[in-house]
Amino acid sequence: MMRILYVMVAWALCAMSCANNKAAVHQAAGGQSSVPQFDADSAYALVARQCEFGPRVPGTSAHAACAQWLTRQLEAVADTVLVQQASVTTFDGTKLGLKNIYAAFRPEIENRVLLLAHWDCRPWADADPDPSMRRRPVMGANDAASGVAVLLELARCLRGMPPTVGVDILLVDVEDWGTDGDEDSWALGTQYWARHPQWVSTTPHYGVLLDMVGARGARFAPEYFSMEYASGFVGHVWNVAREAGYGNYFVGTQGGAVTDDHIYINRIAGIPCLDIIDMRPDQEGSGFFSAWHTTHDTMDQIDPSTLKAVGQTLLHLLY
Ligand SMILES: [Zn+2]
Numbered sequence: 363m364m365r366i367l368y369v370m371v372a373w374a375l376c377a378m379s380c381a382n383n384k385a386a387v388h389q390a391a392g393g394q395s396s397v398p399q400f401d402a403d404s405a406y407a408l409v410a411r412q413c414e415f416g417p418r419v420p421g422t423s424a425h426a427a428c429a430q431w432l433t434r435q436l437e438a439v440a441d442t443v444l445v446q447q448a449s450v451t452t453f454d455g456t457k458l459g460l461k462n463i464y465a466a467f468r469p470e471i472e473n474r475v476l477l478l479a480h481w482d483c484r485p486w487a488d489a490d491p492d493p494s495m496r497r498r499p500v501m502g503a504n505d506a507a508s509g510v511a512v513l514l515e516l517a518r519c520l521r522g523m524p525p526t527v528g529v530d531i532l533l534v535d536v537e538d539w540g541t542d543g544d545e546d547s548w549a550l551g552t553q554y555w556a557r558h559p560q561w562v563s564t565t566p567h568y569g570v571l572l573d574m575v576g577a578r579g580a581r582f583a584p585e586y587f588s589m590e591y592a593s594g595f596v597g598h599v600w601n602v603a604r605e606a607g608y609g610n611y612f613v614g615t616q617g618g619a620v621t622d623d624h625i626y627i628n629r630i631a632g633i634p635c636l637d638i639i640d641m642r643p644d645q646e647g648s649g650f651f652s653a654w655h656t657t658h659d660t661m662d663q664i665d666p667s668t669l670k671a672v673g674q675t676l677l678h679l680l681y
């Protein structure tokens with residue numbers, strides 16, 4: 363994940379806070395809840411499992427091993443899994459093989475939602491407070507193993523109780539090998555997918571990007587580009603979160619503008635896509651959680667309660 367800008371724009375936040383967009387009643391006949399329960403401990407273990415590979419920096423053996431593992435995880439639960447491979451050149455001239463890992467659930471349903479997160483790690487901890495650590499890779503427990511873990515756990519839930527909408531899960535590669543001042547140097551995996559999509563069914567109607575969704579004390583405020591491209595959907599998702607009891611995480615205050623994977627899903631793929639991303643306006647320098655792009659983005663940043671808030675909100679959205 364890349365730089366953040368806090369822009370002073372008066373949004374129509376009223377669309378969110380005023381809309382009384384009651385989510386569907388989550389009770390099935392017989393009083394049984396029709397929404398699966400998201401298992402926070404399982405999601406936490408899935409973050410840890412990714413970190414056990416080491417930093418998943420493109421071009422490393424940890425990256426290759428994790429790709430295999432992610433593919434197997436999805437193959438165990440999804441209807442269809444595809445791995446898109448391509449070669450991309452980064453801003454610094456490095457040629458990398460990328461792997462976008464895609465899984466479809468219920469391909470026969472035309473009404474579809476896309477859920478995505480990046481699975482690669484940044485090669486340099488260039489925001490580390492200790493200058494001697496800035497050439498080290500980032501472990502990426504929160505950025506972005508957390509988002510991947512939420513999607514993997516969610517995939518298990520989808521397997522257990524098929525949703526009434528079609529779901530496409532996309533784990534995108536080479537997001538974090540970018541540089542400040544060059545917006546298009548980020549999110550290379552998503553840019554490639556958006557230009558060469560491989561949906562096994564109809565194109566999804568909406569997209570939700572997860573980025574940094576596992577840290578203690580996370581706050582998800584509506585992000586600027588999400589509001590520009592998908593404001594109605596933002597309002598709906600934030601309402602669903604509040605009704606599910608997670609209004610302390612999904613706050614209504616204005617978030618910043620973040621260059622992230624959702625930009626290319628919106629601009630190139632043409633799918634309205636929002637970004638659930640932890641923004642900390644008080645955090646000097648980055649505007650993200652304190653360990654962002656440092657060697658401290660490790661398991662001790664991760665709080666299962668945050669994973670639960672995001673995962674359960676998504677389940678309420680889908681069921
Ligand atoms: Zn990042």
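Residue numbers for the sequence shown follow our numbering, so the first one is 363 and each next one is one higher.
Note that the Cβ used here is the ideal one computed from N, Cα and C, for glycine as well.
As the structure is a computational prediction, the values presented were derived from the model and not from experiment.
{"Check": "Is there at least one non-hydrogen atom of ligand 1 closer than 6 Å to the beta-carbon of residue 578?", "Outcome": "no"}
{"Check": "Tell me, please, which residues DSSP counts as bridged to residue 635.", "Outcome": "569"}
{"Check": "How do the stretch 577 to 596 and the stretch 630 to 645 stand: do at least 3 beta-carbon pairs fall below 8 Å, yes or no?", "Outcome": "yes"}
{"Check": "By Cβ distance below 8 Å, which residues in the same chain neighbour residue 547 in space, the five residues on each side in sequence not counted?", "Outcome": "452, 453, 539, 540 and 541"}
{"Check": "Would you call the CB atoms of residue 592 and residue 634 closer than 7 Å?", "Outcome": "yes"}
{"Check": "Hey, is the stretch 466 to 483 in contact with the stretch 515 to 527, meaning 3+ C-beta pairs nearer than 8 Å?", "Outcome": "yes"}
{"Check": "With DSSP as the reference, please indicate the residues paired to residue 625 in a beta bridge.", "Outcome": "Residue 625 is not bridged to any residue."}
{"Check": "Please state the DSSP three-state secondary structure of residue 667.", "Outcome": "helix"}
{"Check": "Taking the alpha carbon of residue 493 as the reference point, which residue from 656, 675 and 660 has its own alpha carbon closest?", "Outcome": "656"}
{"Check": "Please state whether the Cβ-Cβ distance between residue 613 and residue 581 is less than 7 Å.", "Outcome": "yes"}
{"Check": "Which residue or residues does DSSP assign as beta-bridge partners of residue 640?", "Outcome": "582"}
{"Check": "Cutting at 6 Å between CB atoms, please list the residues of its own chain near residue 518, excluding the five before and the five after it.", "Outcome": "439"}
{"Check": "So for residue 554, helix, strand or coil by DSSP?", "Outcome": "helix"}
{"Check": "Would the C-beta of residue 484 count as close to ligand 1, meaning under 6 Å from any of its heavy atoms?", "Outcome": "yes"}
{"Check": "Under a Cβ-count criterion, where at least 16 other Cβ atoms within 10 Å of its own Cβ denotes burial, should residue 447 be classed as buried or exposed?", "Outcome": "exposed"}
{"Check": "At a cut-off of 6 Å, would you count residue 530 as near ligand 1, judging by its Cβ distance to the nearest heavy atom?", "Outcome": "no"}
{"Check": "Measuring only from the beta carbon, is residue 505 closer than 6 Å to any heavy atom that is part of ligand 1?", "Outcome": "yes"}
{"Check": "Cβ-heavy atom distance between residue 538 and ligand 1 below 6 Å?", "Outcome": "yes"}
{"Check": "Label residue 484 either buried or exposed according to how many other C-beta atoms from any shown protein chain fall within 10 Å of its C-beta, with 16 as the threshold for buried.", "Outcome": "buried"}
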